[in-house]
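Enquirer:
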Amino acid sequence: MEKFDIIIIGGGPAGLNAAMRLSNMNYKTLVLEKEKVIGGKLNQWDKLFPDFTPAIDVLKYLTENIKQENTQISTSTSVTKIDKSDNLWKVTDSNNNEYLADAVLITTGFDVFDARRKEEYGYGIYPCVITSVDLEKMLETGTINFPIETSDRRRRIAFIQCVGSRDEKSGNHFCSRNCCICAVKQAIEVKEVVPDSDVYCFYMDLRMFGQHYEELYRRSQQEFNVNFVRGRVSEIAPTFDNRVVLKAEDTLLSRPVKMTFDLVVLMVGMNPSEGTKTLSSLLDINDEYGYVVSQDEHVADNLTNKAGVFVAGTCKRQLTVPETMKDADSAAIEIANFLNRR
Amino acid sequence: MIKFGYAPVVSRTLDLDSSDFSLRDELIREVPSYKKCIGCGGCTSTCSAHQHTEFSILRCNMLFRRGKYDVLEKELDKCMLCGKCLLVCPRNVNTRDMIIKMRLLVQHKNKKQ
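Just so you know, the protein sequences line up as chains D and W, in that order. Letter by letter, the first sequence follows residues 1 to 342 of the numbering used here. Letter by letter, the second sequence follows residues 1001 to 1113 of the numbering used here.
1) Just curious, the beta strand (DSSP E) that residue 1040/W is in, first and last residue?
2) Within 10 Å of its beta-carbon, does residue 229/D have 16 or more other beta-carbons around it, so buried, or fewer, so exposed?
3) Secondary structure at residue 1017/W, three-state DSSP: helix, strand or coil?
4) Ordered along the chain, which non-local residues of its own chain (more than five positions away) have a Cβ less than 6 Å from that of residue 315/D?
5) Does the stretch 173-185 of chain D come close enough to the stretch 314-331 of chain D that 3 or more CB-CB pairs lie under 8 Å?
6) Start and end of the alpha helix (DSSP H) containing residue 107/D?
7) Is it true that the CB of residue 1093/W sits closer than 7 Å to the CB of residue 1037/W?
8) Return the Cβ separation of residue 82/D and residue 104/D in integer angstroms, given the expectation that the two are a contact with Cβ distance under 8 Å.
9) For residue 1043/W versus residue 1088/W, is the C-beta spacing smaller than 7 Å?
10) When you compare only the Cα positions, how much space is there between residue 271/D and residue 111/D?
11) Taking its Cβ as the centre, do 16 or more other Cβ atoms sit within 10 Å of residue 1047/W, making it buried, or is it exposed?
12) Which of the three DSSP states, helix, strand or coil, is assigned to residue 123/D?
13) With respect to the alpha helix (DSSP H) encompassing residue 17/D, which residues constitute its N-terminal and C-terminal limits?
14) Output the boundary residues of the beta strand (DSSP E) element that contains residue 248/D.
15) Does the CB of residue 171/D have a neighbour CB from chain W at under 7 Å?
16) Since residue 38/D contacts residue 16/D with CB under 8 Å, what's their CB separation in whole angstroms?
17) Step through the CB atoms of chain W and report whether any lies within less than 7 Å of the CB of residue 168/D.
18) Listing by chain order, which chain D residues have their CB less than 8 Å from the CB of residue 1041/W?
19) Could you give the C-beta distance for residue 286/D and residue 334/D, rounded to a whole number, given that I count them as a contact under 8 Å?
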């Protein structure tokens, strides 16, 4: 059974950043990734808000700066068992390999909300309805594929906020934090690809909390003519020509609105990933959603109630990419301190 | 006296000092979810009455919160209690029950006065 200083479960931005920090401090590090390639959700996003940094650049920086001789990366590997053996943690993976380590870092991240669960929006039923992840794939290719051909009218694209967030009907009370600004970013990108189009964004509240977010929101209005409608969309229905008509309330005018669109983008929220739910319940450090609970959000946010088990990134709560990276930095410091005391 | 058609302009300011909040606690006891409304308009966008009249559940909720029971009584009568709004509300407000209980409370109150 091979012994490591630290086993990192999850090879996304949090896991790779922690691996980069720890391997450069000469700790023997193992990264377990369930997918065929490392990078996690960085592989699903084309550009990152608010400055349109290519996600691939972040991934490249991380992989290039990991100290190879101290790091072992195992892909297509998920964790099935994790238990304490003497003073060490024993991790069993899906190929029945067993590893020992002084410390374990959980960076299993998030999954996007399954939009099919909001049946009234018709994802998977109407081809005009896609998710923000689907749109991101299109943006990567540089073209927007509209399901219906046309040449004689301006295209209309809608963004719908809070799909699977702030919604008790889907069991998620929380705000996913990233979708507001992500929709603004994607709206701008859509307008760049299809300048001759009208883009509408339907929202309950717009939360532009981060640095440069408000500026990007302003730019989307000023330079790109993106329209914002305050009101929750109640339903989406097909039209005779296979587009979709969207029904909402314009709460600022106190009148119901409807509008026909060529493409509707559902801004899907962030849920704990399956791996996060499994691990957090295996270790009994889960909250009601399956997120990992840290020891103290203010002063010990990378520690858990299990000594030697650390946590970073979106397996804990909804974070942006820069927040995730910084969280992994601080986790690396906590882990280094912990290993030095041994 | 000759009438020239002039009249004093009444202020549009919502004077919360003159509001009546006496029914608030009672409604909270009966329909606790009433407090959770975030004014997204999901209910009104699906409401059949709202498509053709000025009736708005969201407005009813706000009028009640602001203690304007006199205007509210007539508004509440327009609801047909179909309950479509219940299916949409992201905050799970028991909208139909809220309307029924508001009606009872406000009618009772206004009758007494």
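Note that beta-carbon positions come from the ideal geometry of N, C-alpha and C, so glycine has one too.
Expert: Quick answer:
1) Here residue 1040/W belongs to no beta strand (DSSP E), and DSSP marks it neither H nor E.
2) Around the beta carbon of residue 229/D, 16 or more other beta carbons sit within 10 angstroms, so the residue counts as buried.
3) Helix, per DSSP.
4) So the qualifying residues of the chain are 106, 108, 109, 276, 292.
5) Remark: three or more beta-carbon pairs, one from each stretch, lie closer than 8 Å, so the stretch 314-331 of chain D and the stretch 173-185 of chain D are flagged as touching.
6) Here residue 107/D belongs to no alpha helix (DSSP H), and DSSP marks it neither H nor E.
7) A contact, by the Cβ cut-off of 7 Å.
8) A Cβ-Cβ separation of about 7 Å places residue 82/D in contact with residue 104/D under the 8 Å criterion.
9) A contact, by the Cβ cut-off of 7 Å.
10) When rounded, the separation of the alpha-carbon atoms in residue 271/D and residue 111/D is 5 Å.
11) Burial state of residue 1047/W is buried, judged by a 10 Å Cβ sphere holding 16 or more other Cβ atoms.
12) Coil, per DSSP.
13) DSSP places residue 17/D in the uninterrupted alpha helix (DSSP H) bounded by 13-24.
14) Where residue 248/D is concerned, the enclosing beta strand (DSSP E) stretches over 244-250.
15) For residue 171/D, the closest Cβ of chain W is not nearer than 7 Å.
16) Their Cβ separation, rounded to whole angstroms, is 6 Å, which keeps residue 38/D and residue 16/D in contact under 8 Å.
17) So, interface residue.
18) Those within 8 Å of residue 1041/W in chain D are 230, 231, 232, 248, 249, 250, 251.
19) Contact between residue 286/D and residue 334/D is absent: CB atoms are separated by about 20 Å, not below the 8 Å threshold.
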